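S.K.: Structure incoming, see below.
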Amino acid sequence: MITKYKLSVLAGLLGASVLVTSAYSQATYWPSTSLYGTPGLIDMPTAEAHPDAEMIVSASRFSGIQKNTLTFQITPEMTGTFRYALANNWGTFSAPGDDRYADRSFDVQYRLVEEGEAMPAIAIGVRDFIGTAILGAEYVVATKSVLPTVKLTGGAGWGRLSRSDTVRQSSVAQGGTPNYDQWFTGPVGFFGGVEWITPIENLTFKAEYSSDLYEREVAQRDIFDRKTSYNFGIEYTPKPGVQLGLYYLYGSEFGASFALSLNPKTTPYQNASYEGAPTPIAPRPAKYSTDTSWLNIEGINERGQDQLNQLLNPQGIRVESLSLSGTRAELRFRNNQYNTTSQAIGRAARAMAFVMPDSIETFVLTPVSGGLPLMSVTLARRDLEMLENHAQGDEIIYERAGIAGALPLPEGVRPAAGLYPDFNYTMGPYVTLSLFDPDEPVRADFGFRAAASYDLSPGLSFSGSVRKKLEGNIGDAEPSDSLLPPVRSNAALYSRYGDPALEYATADYLFKAGQDLYGRVSVGYLEAMFGGLSTELLWKPAQQNWGLGVDLNYVKQRDFDMRLGFQDYDVLTGHLSAYFQISDNFQAEVNAGRYLAGDWGSTVSVDRVFDNGWRVGAYATITENSFDTFGEGNFDKGIRMTIPMSWALGKPSRRVYALDLNSLSRDGGARLNVNNRLYPIVSEYQEPALGDGWGRFWR
Amino acid sequence: MRGTTARFLGLVTAMALSSCSFIAPDSESIGGLLVTTASGTISSGNEKGATASTDATAAQKALGQIAATGRAGLLTTIPRLNRTTVMMLEQQNGQYRTYRGTNNTSVTLRSGVMTATRGLGVDLMAQAIAQPESGLFTTGSFPKEVARVQRHLDGENHLLSAEFLCVIERKGREDVTIIDKTHMTTLFEETCRNSSRAFLNRYWVGTGTGTVWQSQQAISSASGHIIMQYIAGK
């Protein structure tokens, strides 16, 4: 199973900044980034779109207004932006006595028309459409390259961009709800500008006419003096994917920006991977023997396992079991190294071709994860021999491979000797973040963590994790003021009193309940805040691109000291889940059921999925609770990201970094955070992920 | 499933594979390492110790191994990756010979023309030439045009195909000395181009034998080219 390391957002962004230079080496075109972190001039948008899947992390500041932004090119046409903005001298927006405001916002821009020889690019966009609407604006904008070094932009804006005293207001004070009825209404303002790539290498000059009167900042709060509508700036791009900007704004202010860009489609190592070469196919002679008398050799199965392990262990693959007949060999194996299943299958198949007697014509390879056999690939040995060096060998072997649910283990076959029991442990530092609290936008704990697992037999394991906090301030946050049972909002108390803490201690049993039916039973201290019994079933045929699941859990809330005791609160919680592929690049998940606070509702998640293991997605949960009952943000929502370490390191690895830019820890729509959920384990080895990554079969 | 393969690819690879046949030993056995008694015959290239980077001492040691085992080998240098490696013949599948380096990298050659690499960054995953490699330098008149397809993985594990039109020219006699042996060779230069990339391959081909004793061949635009010198086995 993939090990997930929840790292801090800051660490992730820092890592991204280290990687960005080399990741962007293939850049051919990079629209510049505005103070809003979106494709734009200085303070105004342009109609440009970044290359598909481009991700830009940026920070800008002028007159005490700071915007930290993550922009993602969701599709070639659609740009999505998440922003965390801070402003000084704001008054009492956040809390009494606090003169700073801190606010999250989301933007979407859609390119309606791609730039042509005569036609400009045309885009439509909405800013801060689901937050407090403090930055709320809508616009239609066109951009055209009139010379190789000159781009012109002009547009019409509403809300903030209307060149009027219009201010967008969220329908509820704490934001979180789209204000459809306000969009593209009211006065219209016009803006425009020019971007000139100067003869000085990597230096761009910008000038714009802004239609943002900064009504809230200037008229209502006197934060700065807006003397003109003209802004000027220079931007320097020392390396592709890095942008530094200096600006003179509104006739009175200086500003600066910094932007980094990377693309999940391009590794920092220029798509390189430096794993060792695989075992080449050892072909049988043209007149090979079909004699099967070797089956009578004593210990032949054990010898086969040993020889396969000699070849495969250095490649991170371990034999789980081997079944031999005169013409057929079935190998079950664990893949501890490759995040692309096809690569593990390809390497195991080549090792079999090296080891197996000539009479064996059929190889069956079954990857096993967590004791679960997840699917079987049947390959003709002759195909491996013929196609190893074929220029289309990848496509042909895929077409000829028999891909099906895991074939049952032949009678009498046992797990390889020495596999069970299996004890593993890890130790290392940890960082936990708490983000977006208006009183303190970033809080963190850090310390030391030790985790261990003990696999007793296939599917049955015991695991646990303890941590010791060394320093941190998450515990300084205020205790819950929630109107709901405080199932998540007392995170500060868990941090304050849980030192040292038992993070989880569970017994887990993963099993096959039918041909395409997988099951899990977990009991113990399931997560930091809840313990009890968790059960799950998943139906997912290997060749199908969708699956259905159900989980049912009875849990009690743990004591704040995160040791062995429980509080009085208990709840029966569970969901029906559907997982499906929307298109080649997008997957969706819907969970409907009862959440930890006893509230009924559903969660919808959509992820852009990359065939190298990257995932970038968003989720939202709506439950029966009113927005007022939920509290700030109105409902649970967030952005999540999974970064495969193989992409970052250029070496095979199954480790991933999982980042979650979520809402505050509120109590509505909170789901049990149990380990070993089945769909991620199972789907990694099945279609469509298997075929999508098949290009590495011969790697 | 993955990126589409050019129509052209099928034609070229079909032509390339039409001459492929397995070289089989005459003797008949039940085959496979599993039933052999020599448990030590698993390739040394797969042993953990073989992943160490190569230095001059290791190279000398490997050259000694080539001499001792009688297996053919390659002296290879990849300037862009700053790697110099000795590779020994590890496996032969039909006319394709795979050599593995002491640093656990490999190249596969067909009649001296590189068809694949592994472990060299952006690897050449596969290659097809619209004419059997065995006659590339020994048949026909020069200069001659040959179509070629190279396949590389992109950052999303999709196999991409790039088609090239290559022109092979005979440049003349140019002998090559490998370690302490001098071979009479003819230098051929192959210029390959498409709309986005061009590269130059050089082959020093043995006079009368057709053996490619030395070559400089493109891996990928990111990894550059590899220089190989062939050491015949016994």
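Chains X and A, in that order, are what the protein sequence lines are.
Using our numbering, count along the first sequence one by one with no gaps and you end on 700.
Using our numbering, count along the second sequence one by one with no gaps and you end on 224.
A virtual CB, placed ideally from N, CA and C, is assigned to each residue, including glycine.
What you are looking at is a predicted structure, and each value in this text was computed from that prediction instead of being measured.
1) Anything in the segment 142 to 162 of chain A with a Cβ closer than 7 Å to a Cβ of chain X? List those residues in chain order, please.
2) Within 8 Å, do at least three Cβ pairs link the segment 574 to 589 of chain X to the segment 538 to 554 of chain X?
3) Would you mind listing the beta strand (DSSP E) stretches within the segment 113 to 156 of chain X that are 3+ residues and don't spill past its ends, in chain order?
4) Count Cβ pairs between the segment 238 to 245 of chain X and the segment 258 to 268 of chain X that sit closer than 8 Å; are there 3 or more?
5) In chain order, what residues of the same chain lie with their CB nearer than 6 Å to the CB of residue 492 of chain X, ignoring the 5 residues before and after it?
6) I need the boundaries of the beta strand (DSSP E) containing residue 206 of chain X, first residue and last residue.
7) Nearest to residue 701 of chain X by CA position, among X/229, X/82, X/136, is which residue?
8) Please work out which residues of its chain come closer than 6 Å, Cβ to Cβ, to residue 469 of chain X, disregarding the five sequence neighbours upstream and downstream, and give them in chain order.
9) Could you name the residues of chain X that residue 193 of chain A contacts, counting a contact when the two beta carbons are closer than 7 Å?
10) How about residue 703 of chain X and residue 663 of chain X: are their beta carbons less than 9 Å apart?
11) Tell me which same chain residues have a C-beta within less than 6 Å of the C-beta of residue 192 of chain A, skipping the five on either side of it?
12) What does a CB cutoff of less than 8 Å around residue 166 of chain A pick up in its chain, not counting 5 residues either side in sequence?
13) Would residue 507 of chain X pass as a contact of residue 488 of chain X if the rule is Cβ separation under 9 Å?
14) Comparing C-alpha positions only, which one of X/202, X/460, X/234, X/517 sits nearest to residue 240 of chain X?
15) Going by other Cβ atoms of all chains shown within 10 Å of its Cβ, with 16 needed for buried, is residue 471 of chain X buried or exposed?
16) When you compare the CB positions of residue 65 of chain X and residue 225 of chain X, do they come within less than 9 Å of one another, or not?
17) According to DSSP, is residue 407 of chain X part of a helix, a strand, or is it coil?
18) Look at the alpha carbon of residue 324 of chain X and the alpha carbon of residue 361 of chain X, and state the distance between them as a whole number of angstroms.
19) For residue 477 of chain X, which of X/326, X/495, X/617, X/355 has the nearest alpha-carbon?
20) Does the pairing of the segment 274 to 283 of chain X with the segment 87 to 99 of chain A give three or more beta-carbon distances under 8 Å?
21) Look up residue 494 of chain X in the DSSP assignment and say whether it is helix, strand or coil.
22) Could you give the C-beta distance for residue 61 of chain X and residue 36 of chain X, rounded to a whole number, given that I count them as a contact under 8 Å?
23) So that I know if they touch, is there some Cβ in chain A lying closer than 9 Å to that of residue 381 of chain X?
24) Is the shortest distance between the beta-carbon of residue 104 of chain A and the beta-carbons of chain X less than 9 Å?
25) Are any of the Cβ atoms in chain A nearer than 9 Å to that of residue 404 of chain X?
26) When you compare each of X/638, X/181, X/76, X/688 to residue 671 of chain X by their alpha carbons, which one comes out closest?
27) For residue 218 of chain A, which residues in chain X fall below 8 Å Cβ to Cβ?
28) Need the endpoints of the alpha helix (DSSP H) that residue 680 of chain X sits in, please.
29) I need the DSSP call for residue 356 of chain X, collapsed to helix, strand or coil.
30) Strictly by DSSP, which residues pair up with residue 93 of chain A?
31) Along the alpha helix (DSSP H) that carries residue 1 of chain X, what are the first and last residues, could you check?
32) With residue 234 of chain X and residue 190 of chain X assumed to form a contact (beta carbons below 8 Å), what rounded beta-carbon distance in angstroms separates them?
33) If you draw a straight line from the C-alpha of residue 694 of chain X to the C-alpha of residue 404 of chain X, how long is it?
34) Taking 9 Å as the CB-CB limit, is residue 526 of chain X close to chain A?
35) On the criterion of 16 or more Cβ atoms from any shown chain inside 10 Å, does residue 395 of chain X qualify as buried, or is it exposed?
36) Here's a check: name, in chain order, each residue in its chain whose Cβ is nearer than 6 Å to the Cβ of residue 85 of chain X, leaving out the five neighbours to either side.
M.R.: Concretely, from the data shown:
1) Closer than 7 Å at the C-beta level to chain X, one finds these residues of the segment 142 to 162 of chain A: 143, 144, 145, 146, 147, 148, 149.
2) Look at the beta carbons and you see the segment 538 to 554 of chain X touching the segment 574 to 589 of chain X: at least three pairs across the two are nearer than 8 Å.
3) Within the segment 113 to 156 of chain X, complete beta strand (DSSP E) segments of at least 3 residues are found at 122 to 128, 138 to 148, given in chain order.
4) The segment 238 to 245 of chain X is in contact with the segment 258 to 268 of chain X.
5) In the same chain as residue 492 of chain X, and ignoring 5 residues on each side of it, the C-beta atoms closer than 6 Å to its own belong to 666, in chain order.
6) In the DSSP annotation of this structure, the continuous segment of the beta strand (DSSP E) that includes residue 206 of chain X starts and ends at 204 to 210.
7) This structure gives no information on residue 701 of chain X, because the portion of chain X shown stretches from 2 to 700.
8) Only 448, 449, 501 meet the Cβ criterion.
9) Near residue 193 of chain A there are no residues of chain X at all, since even the closest Cβ is about 19 Å away, more than 7 Å.
10) Since the first residue shown for chain X is 2 and the last is 700, residue 703 of chain X is missing from the structure and cannot be characterised.
11) For residue 192 of chain A, the CB contacts under 6 Å within the same chain, skipping 5 residues up- and downstream, are 179, 206 in chain order.
12) In its chain, beyond the 5 residues on either side, 172, 173, 175, 194, 203, 204, 219 have a beta carbon closer than 8 Å to the beta carbon of residue 166 of chain A.
13) The answer is no: Cβ separation not under 9 Å.
14) Proximity to residue 240 of chain X across X/202, X/460, X/234, X/517 peaks at X/202, based on C-alpha coordinates.
15) In summary, residue 471 of chain X is exposed, with fewer than 16 beta-carbon neighbours lying within 10 Å of its beta-carbon over all protein chains present.
16) Yes, the pair counts as a contact, with Cβ atoms nearer than the cut-off.
17) For residue 407 of chain X, the three-state secondary structure derived from DSSP is coil.
18) Cα to Cα, the separation comes out at about 12 Å.
19) When each option's Cα is compared against that of residue 477 of chain X, the closest is X/495.
20) Touching, yes.
21) DSSP places residue 494 of chain X in helix when its eight states are reduced to three.
22) That pair is a contact at about 4 Å.
23) No - not a single Cβ of chain A is within 9 Å of the one on residue 381 of chain X.
24) No - not a single Cβ of chain X is within 9 Å of the one on residue 104 of chain A.
25) For residue 404 of chain X, no Cβ of chain A is located within less than 9 Å of the residue's own Cβ.
26) When X/638, X/181, X/76, X/688 are compared, the shortest CA-CA separation from residue 671 of chain X is found for X/638.
27) For residue 218 of chain A, none of the residues of chain X pass the 8 Å Cβ criterion, the least Cβ distance being about 15 Å.
28) Residue 680 of chain X -> alpha helix (DSSP H) spans 679 to 684.
29) In the three-state reduction of the DSSP assignment, residue 356 of chain X falls in the helix class, which pools H, G and I.
30) For residue 93 of chain A, no pairing in a beta bridge is given by DSSP.
31) In the structure as shown, chain X begins at 2 and stops at 700. Residue 1 of chain X is therefore absent and cannot be evaluated.
32) Between residue 190 of chain X and residue 234 of chain X the Cβ distance is about 20 Å, and since that is not below 8 Å, they are no contact.
33) Approximately 14 Å between the Cα atoms of the pair.
34) No, no contact with chain A.
35) Residue environment analysis places residue 395 of chain X among the buried positions, since at least 16 neighbouring C-beta atoms fall within 10 angstroms of its C-beta.
36) Counting only Cβ-Cβ distances below 6 Å, and skipping sequence neighbours, we find 69, 105.
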